[in-house]
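Counting from 1 along the sequence shown, just add 905 to a position and that's the residue number in this note's numbering.
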Amino acid sequence: MKWFSSKVLCLAQKARSTGTLLALLVLCSACVTPATSAEEYFAIGMAYFDMGKYTEAEQWLNRAATIDKTKTASEYNLGRIAFENKRYTEALRRFERVLAKDSKNVMALKAAAYTYIRLGNFDKAESIYRQVLTLVPESADDGYNHALLLYNMENYEESEAILGSYPHALFENSDTILLYARVQKAQHKPEAVNMYERYLEMKSDPAVRYEFALILEEGGFFARALEEYRNTLKDLPNTSENPTKTGLRFSIARLLLIADSGSEEGISELEGAVQDGFKDTAELEKLLEERAISDAHKADIRRIIDSINKKPEQSSTEETQERQTLDEEEATKT
């Protein structure tokens, strides 16, 4: 029986390495083998896990979790299955069981941090990331995740400090560069411009280019901002929701109105944006507060706002008139 039991383990391991359905044969064999060991339960469970068959994986890992030799590894992987199935409270309970036995288990700590994020407990997740970085201070990936969490918690200064402690990784990874740029942008640091430029040299992304243009406009670099807005508009997919093409046209119009109050180009661009579907009157109202925009153009903006506000009323009136006409025609027929 020992040879047969070893064969089951071998098949399970092969199924994991090849990604085939061989684990199904393992399952059938194991069911009739009373001498199946803890390692074999675990190997079969992980074979199913790798295939995405979480229900079967749970069955085998639950068996392995009752045996001391494979209990910790099984608890961790059962937690992963619960996480994949969005059972976050259960996942956290399993990860914490692992940590109760081994508080320095980096994989379990990271898994617990991810789970706390899903549960909305950012403070707890952040404290766990601190533990991870104490244990593996050289891990740039974990540093990035910690910095990203701090950024989402609006702790921008500390997020930047953590990113800055991985200078080699910083300039090799586009995601890290973008996070660094956004962290600096949130702190209104002019260095953000350089970081956005570095990111866009590595990767062309219309949404990020739009962010970059906004920073340039805020900094008063109008010519460069206008160029970036137009490049973004040219490359923007029609399906884009952030930014939209009409929103981009409005941004171009706003810049032109502020940068060159004597030109009519800004108003023309604004009218074009409205014709294309821009209807955000709140954003248009903000333009009326801009000192750099001339009084004549503000009068044009008020006219545009009035035309947007009148359209729904106009449409409603036309619909009522049309209904009345149909009713009169029906009455005439009868």
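Cβ coordinates follow ideal geometry from the N, Cα and C atoms, glycine included.
Roughly how many whole angstroms lie between the Cα atoms of T1241 and T1144? Outside the modelled stretch of the chain, which goes from 906 to 1239, sits residue 1241, for which no answer is possible.
Measuring only the C-alpha atoms, how far is D887 from F1000? In this structure the chain extends from 906 to 1239, so residue 887 is not present and cannot be described.
Anticipated Cβ contact below 8 Å, T977 with D1007, distance rounded: Taking the Cβ atoms as the reference, T977 lies roughly 7 Å from D1007, within the contact range of under 8 Å.
Quick check on DSSP: helix, strand or coil for K1092? Contrary to the premise, residue 1092 reads as Gln rather than Lys in this sequence. Note: Q1092 maps to coil in three-state DSSP.
Sort A1018, E1102, I1157, P1148 by Cα distance to L1054 and report the nearest one. Its Cα nearest to that of L1054, the residue A1018 stands out among A1018, E1102, I1157, P1148.
Just to confirm, is the Cβ distance from S1064 to Y1056 under 7 Å? yes
Select from Y1115, G1182, H1073, L1162 the residue whose C-alpha is nearest the C-alpha of A1201. L1162
Option in A970, R1207, A1178, S1070 with minimal Cα separation from A943: A970
Could you have a look at M951 and say whether DSSP puts it in helix, strand or coil? helix
Reference L1068, options I1082, E1059, M1058, closest by Cα: I1082 is the residue among I1082, E1059, M1058 whose C-alpha sits nearest the C-alpha of L1068.
Alpha carbon to alpha carbon, how far is F1076 from I1172? 41 Å
In whole angstroms, give me the CA-to-CA distance for Y993 and A1016. 11 Å
A1197 in three-state terms, based on DSSP: coil
When D1028, F988, Y1085 are compared against V1113, the one with the closest alpha-carbon: Y1085
Pick out whichever of E995, A1091, H1051, Q1092 has its Cα sitting closest to the Cα of S1032. H1051
Put L1141 into one of helix, strand or coil per three-state DSSP. coil
I'd like to check one pair, A1005 with A996: are the Cβ atoms closer than 7 Å? Contact flag unset, no.
Taking Q1008 as part of the alpha helix (DSSP H), name the residues at either end of that continuous run. Note that residue 1008 is Ser in the sequence shown here, rather than Gln. No alpha helix (DSSP H) holds S1008; DSSP gives it neither H nor E.
Mind checking whether F1117 and E1133 have CB atoms under 7 Å apart? yes
If we ignore side chains and look at the alpha-carbon of each, how far apart do P1072 and V1041 end up? The alpha-carbon of P1072 is positioned some 16 Å away from that of V1041.
What did DSSP end up calling T1149 once you bin it into helix, strand or coil? coil
Specify, as a first and last residue, the run of the alpha helix (DSSP H) that D1047 falls within. 1045 to 1057
First and last residue of the uninterrupted alpha helix (DSSP H) at P1042: Careful: P1042 lies outside any alpha helix (DSSP H) and carries neither H nor E.
Under a three-way DSSP split, which group does S1109 fall into? coil
Which value, in whole angstroms, describes the spacing of the CA atoms of E1195 and T1020? 46 Å
Excluding the 5 residues flanking R1108 on each side, which residues of the same chain have their C-beta closer than 7 Å to its C-beta? Sequence inspection shows Lys at residue 1108; the Arg mentioned does not correspond to that position. Closer than 7 Å at Cβ, skipping near neighbours: S1079.
In terms of alpha-carbon separation, which member of Q1092, D1047, N1026 lies closest to R1035? D1047
How far does the alpha helix (DSSP H) with K958 in it reach, from first residue to last? Run containing K958: none; DSSP gives neither H nor E here.
Can you tell me where the alpha helix (DSSP H) holding I1172 begins and where it ends? Annotation: the continuous alpha helix (DSSP H) that includes I1172 extends over 1170 to 1180.
Residue burial classification, L926 (beta-carbon count within 10 angstroms, cutoff 16): Note on L926: pLDDT 45, under 50, position unreliable in the model; no value is reported.
Chain-order list of residues whose beta-carbon lies under 8 Å from that of D1165 (same chain, five-residue window excluded): Excluding positions up to five away in sequence, the list reads G1171.
Between the CA atoms of L1153 and R1208 - distance to the nearest angstrom: 21 Å
What are the boundary residues of the alpha helix (DSSP H) that S1064 is part of? 1061 to 1069
DSSP state of K1184, grouped into three classes? coil
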